[in-house]
Amino acid sequence: MMSEFGMIFTRRGARIVCLAEDGILPVPLITAARAAGGSVQIIADASIVLPPALSGVPMSVVPDRAERLASLAAEASVFVGLPGSLASVRALFDAWSSSGGKPVVLLNRHKAFEVLRGFATDVVAASVPHYDRKIQFAETVEDLWNKVAAVDQRR
Numbered sequence: 154m155m156s157e158f159g160m161i162f163t164r165r166g167a168r169i170v171c172l173a174e175d176g177i178l179p180v181p182l183i184t185a186a187r188a189a190g191g192s193v194q195i196i197a198d199a200s201i202v203l204p205p206a207l208s209g210v211p212m213s214v215v216p217d218r219a220e221r222l223a224s225l226a227a228e229a230s231v232f233v234g235l236p237g238s239l240a241s242v243r244a245l246f247d248a249w250s251s252s253g254g255k256p257v258v259l260l261n262r263h264k265a266f267e268v269l270r271g272f273a274t275d276v277v278a279a280s281v282p283h284y285d286r287k288i289q290f291a292e293t294v295e296d297l298w299n300k301v302a303a304v305d306q307r308r
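For the record, in the sequence shown the residue sitting at position 118 is 271 according to the numbering used here, with numbers rising by one throughout.
In structure tokens form, the structure reads like this:
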């Protein structure tokens with residue numbers, strides 16, 4: 154799934170900015186994006202060491218987490234959430250909530266983000282006007298691209 158995302162988004166001209174923390178680096182996504190000729194940038198903490206296969210990928214090491222998230226928010230026009238660990242969901246939420254409300258589109262493959270869909274409907278809707286334009290869910294990578302492109306165009 155990460156490889157599919159990297160390939161499809163890159164072929165459509167997206168520049169991918171990845172957050173890498175606590176030794177977690179989305180190698181398949183970065184490898185697929187680069188193989189498709191895409192541009193990838195990594196914003197990382199000090200724990201990240203690039204494997205030889207990723208040499209040449211630009212990486213900014215930002216030790217302070219708040220500064221790292223601010224750097225990610227400054228570089229990204231839309232946040233994309235892919236199914237992963239609880240740590241990646243937390244990082245996505247922290248980045249999104251500190252970004253001033255940039256749009257986020259979540260790949261809900263196998264209902265990975267169903268709990269967040271309920272949270273958005275029950276909690277976020279009460280405090281964020283037009284939350285449904287800022288938080289969207291997609292079922293496939295193709296649908297994810299279409300929603301990211303539409304949200305980015307509305308910005």
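For glycine and all other residues, C-beta sits at the position ideal for the given N, C-alpha and C.
Asked, Found
"Reference K255; option with closest CA among M212, A188, G159 and V304", "V304"
"First and last residue of the uninterrupted beta strand (DSSP E) at A291", "I288 to A291"
"Run of the beta strand (DSSP E) containing S251, from where it starts to where it stops", "That residue, S251, is in no beta strand (DSSP E); it is neither H nor E in DSSP."
"Contacts around L178, its chain only, beta-carbon distance under 7 angstroms, and the 5 residues preceding and following it disregarded", "I201"
"Stretch-stretch touch, CB-based, cutoff 8 angstroms, three pairs: the segment 225-232 with the segment 157-174", "yes"
"Enclosing beta strand (DSSP E) for S192 [first to last residue]", "S192 to A197"
"Beta strand (DSSP E) segment containing V212, residue limits", "The residue you asked about is not Val; residue 212 is Met in the sequence shown. Element bounds for M212: M212 to V214."
"Beta-carbon proximity of V258 to L297, cut-off 7 angstroms", "yes"
"Secondary structure of F232, DSSP reduced to three states", "strand"
"Chain-order list of residues whose beta-carbon lies under 7 angstroms from that of S250 (same chain, five-residue window excluded)", "none"
"I161, enclosing alpha helix (DSSP H) - first and last residue", "M155 to R164"
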